[in-house]
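Chemist: The structure follows.
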DNA sequence: CGGTAATTTGCAATCGGGTTGCAATTGCGG
DNA sequence: CCGCAATTGCAACCCGATTGCAAATTACCG
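Below is the structure:
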């Protein structure tokens, strides 16, 4: 419950260590186990943005986890933040036969509006 | 040069530790530094497939690094291999204004043909 | 060639995120 | 209040990535 509350205080995505500082009465391992649990039950998106730390964010719509409705994520290389681009849906693509698709990650990297406006 | 030769012996993608065993006269750090160098000069794709280890593969066409022509990668959750789906091009998408796109990663996970045919 | 500077290498150490074993604590039904 | 199950904290560990540094190699200039 504490982990959930801490998660809800984040506007965008967050990492395990973000949660550690946000919910500082809890131990890293407890938070980790909660995250794992939530992710298994599809309450969380798990995002690998190549920053080294896995990012998470709360699923705000029920069907966000079905493949057809996956949206993409944007990782800012300047400030390191990662955003859910909720409105950008991943187009369906024709894959070579033989591959069984279970999950799609669409990650865009670059500079976010904030970092572009500064300098 | 030794690193380059070792890389060319891989059919698909490879990790740092793959190269370590392939080019066993070289130290991990030397290989790492070469990879970094190659990547900076866009001779390599760098692929994060969520397996924990960064994967690489040689760029086989000159323009593979321009955004419009990026292809996607497939990570098999059974055998752990990662493939370049050279023929699947990432479609151009309309992004929200304000984001500056520098790089796109399109990663599909699932089961590869090999692992599907076995059992 | 010789000699010095620049580069590259190997080794070991370190970092950091993730993960786990285990003992201590807490929750809860009876 | 007792006892069992679930949760938690702590510390240790794993593993890939990364770096500092000294030694070895290479490049280059006279």
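Residue numbers (my numbering), protein chains in the order written: chain A, -15 to 103; chain B, -15 to 103.
C-beta: ideal position from N, C-alpha, C; glycine also.
(1) Indicate the three-state DSSP secondary structure (helix, strand or coil) for residue 5 (chain A) in the structure shown.
(2) Mind listing, in chain order, the continuous alpha helix (DSSP H) runs of no fewer than 4 residues lying wholly within the segment 9 to 38 of chain A?
(3) So what's residue -11 (chain A) in DSSP terms, helix, strand or just coil?
(4) So if I threshold CB-CB distances at 7 Å, which residues from the segment 82 to 98 of chain A count as touching chain B?
(5) Using the Cα positions of residue 89 (chain B) and residue 57 (chain A), report the straight-line distance between them to the nearest angstrom.
(6) Would you kindly work out how many angstroms separate the C-alpha atoms of residue 69 (chain A) and residue 12 (chain A), rounded to a whole number?
(7) Confirm, please, whether the CB-CB distance from residue 23 (chain B) to residue 0 (chain B) is below 8 Å.
(8) Would you say residue 24 (chain A) faces chain B, with C-beta separation under 8 Å as the test?
(9) Going by DSSP in three states, residue 54 (chain B) sits in which element: helix, strand or coil?
Modeler: On the basis of the data shown:
(1) helix
(2) 12 to 24
(3) Shown here, residue -11 (chain A) sits in a helix according to DSSP, grouped into three states.
(4) So the list reads 82, 83, 84, 85, 86, 87, 88, 89, 90, 91, 92, 93, 94, 95, 96 and 97, given in the order they occur along the chain.
(5) 10 Å
(6) 28 Å
(7) no
(8) Not an interface residue.
(9) Correct three-state label for residue 54 (chain B): coil.
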